[in-house]
Every structure is written in C-alpha cells, then in structure tokens.
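In the numbering used here, the protein residues as written are -5 to 259. Glycine included, every Cβ here is placed at the ideal spot set by N, Cα and C. Being a predicted model, the structure only gives us computed values, none of them experimental. Reviewing the structure listed below.
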C-alpha cells in the first residue's frame, strides 16, 4: 500500500510515527507533501519517509491519500490533487468541517472521514471514522488500521461526525479545563506545583482507567466514592449547586452546533 499525506502537521506526524512503529506500512511506501521545507526535513530525518513539495507529484500512484491540511486550505489545494489522483485511490480526510460530498464532488471518489483528537500525538487518541457515499467496508478497515496505530477507533455514520467532534474531538480541552481548576485549587490549598500536577494527572488517568476496566457507569462510580457527610459529597454538592453537569452538556451541544455551521460553510 502506497500512502501519501498532504500536510505535514503534528497530527500527520503522529499517524506516520504510529503506523511505522506498528509496521502497518514500510517507510519507503510513505510520502509526505507540504510547502514547509523545514517540516519535510523533519519527516525525512525522524521517519525516513519520502517527501515532496508538490502535491500532484505526491499523490500520483498513491493507493491512499490522507488529507491532513487545515480546512481553510482545502479549496486551494484540492483541485490539483483531484486531477492527479488515481481513479481507484482512497481519500482519508482528517479535516474538520469538510463533508465527504465536498471532496468526492459527484465524481465517485471513495472518501472516509476521520475525526481524531490530540492525544493521538502520544498514541492515546480517540477517532471517529465515517464512510462517504462511495466508500466500502474495506475502505473503513484501512482507515481503522491507520488510526488504530494512534489510539481507539469507532465507526460512525457521517451524520454523527459533528457529535463525535463535540465529544472526543474537542473533548481533551474539557479535561484540561477541569485540570486547570483542580490545579488552581491545589495552589490555594498550599500544595506545591510539582506535587499538585502529579496527583491531578494520576487522578484523571486513574479514574478513566477504572471506568474503562470495570465497565461501570460514571454515575455509579461517583456514588461509590461519595460518602454521606464526607468531603467528596461537599465537593459534589458544590458542583451541583453551580449546575456544572448542565454546563458540560450545554458546552458539548454548542460544539456540535458549531461543527455543523462549519460544515455548511
């Protein structure tokens, strides 16, 4: 399988590093195209893959083309890519807000959309994968194998991509926001920064792993650690008094709505 990445940003590098580490493809079958000479040099030195500055040359004879450019760049770069694209090539898009129909444009191009998130940079990502109109089950398998090299993948309908964007695509920011509050409180309580960071990170990671491994609902696990009249109850009561859960729900719905707006141009 010959694989070309259009765009040499951090997400593209994370995927390249992951698929090479897990031997999904060999480095000599990977090509990366970008206008940044500095980024291309980095890919060559770190990953030993082929690099090109011309998109058309990069996609020629590629079996799979990964569109990893910023959405606003898509209208500029796509025409030359489309002209050079092999008739049987699969296009995998990790661009936010660009529906598969805008890529295939009625030309029967097989497109799979992927919504990754930033923990993919450390191999702990969560990606939603959706087939465009002309994509096949095999195409979804290819996309799942590539993204599985940097984390968890789930197959969804394209109509659900906006919800995936709100939940897992933007999700790391919500966790970081929670950590901001925890660390600010720790400082006010007199803990030093190093100890606070270590404890807060271990708590978030540990809580997520506990929920994952036990299979229990978040509500049930919260109640297990919340003793009547105890310190956790005091904290949870304060969160409830400030409608924190409702605010989280509203935040995700706002992210979904914005994703839809972007997709509709």
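- Taking a cut-off of 8 Å for Cβ pairs, the stretch 59 to 75 and the stretch 38 to 46 do not touch, as fewer than three such pairs fall below it.
- Judged by pairs of C-beta atoms under 8 Å, the stretch 107 to 124 touches the stretch 155 to 170, as three or more such pairs exist.
- Taking all protein chains in view, the Cβ of residue 249 is crowded by 16 or more other Cβ atoms within 10 Å, so the residue is classified as buried.
- In this structure, 95 is the residue among 219, 8 and 95 with its C-alpha nearest to the C-alpha of residue 127.
- Nearest neighbour of residue 73 by Cα position, chosen from 56, 49 and 82, turns out to be 49.
- Residue 253 counts as buried, since no fewer than 16 other beta carbons sit within 10 angstroms of its beta carbon.
- In the three-state reduction of the DSSP assignment, residue 88 falls in the coil class.
- Bounds of the beta strand (DSSP E) holding residue 44 are 44 to 46.
- The distance from the Cβ of residue 160 to that of residue 246 is about 5 Å, consistent with a contact at the 8 Å cut-off.
- If the five residues before and after residue 215 are omitted, its C-beta is found closer than 8 Å to the C-beta atoms of 201, 204, 205 and 208, all from its own chain and listed in chain order.
- According to DSSP, residue 107 shares a beta bridge with 87 and 124.
- In this structure, DSSP gives residue 6 a helical state, which the three-state scheme calls helix.
- In this structure, residue 14 sits away from residue 58, with a CB-CB distance that is not shorter than 8 Å.
- Bridge pairing for residue 27: 0 and 46 [DSSP].
- Straight-line measurement puts the Cα of residue 179 at about 13 Å from the Cα of residue 193.
- For residue 200, the enclosing alpha helix (DSSP H) starts and ends at 187 to 208.
- 8 Å or more divides the Cβ of residue 86 from the Cβ of residue 0.
- For residue 144, the closest of 8, 217 and 134 by C-alpha to C-alpha distance is 8.
- Your pair residue 26 and residue 45 checks out as a contact, with CB atoms roughly 5 Å apart and the cut at 8 Å.
- Judged by beta-carbon spacing, residue 120 lies within the 8 Å limit of residue 146, meaning their Cβ atoms are closer than that value.
- Pairing residue 122 with residue 150 gives a Cβ-Cβ distance under 8 Å.
- In the three-state reduction of the DSSP assignment, residue 165 falls in the helix class, which pools H, G and I.
- One alpha carbon belongs to residue 188, the other to residue 177, and they sit about 10 Å apart.
- Counting the other CB atoms within 10 Å of its CB gives residue 4 a total below 16, which places it among the exposed residues.
- Per DSSP, residue 233 is one residue of the alpha helix (DSSP H) stretching across 225 to 235.
- Per DSSP, residue 60 is not a residue of any alpha helix (DSSP H); the beta strand (DSSP E) it occupies stretches across 58 to 61.
- Boundaries of the beta strand (DSSP E) around residue 148: 145 to 149.
- Contact annotation: residue 30 and residue 2 have beta-carbon atoms nearer than 8 Å.
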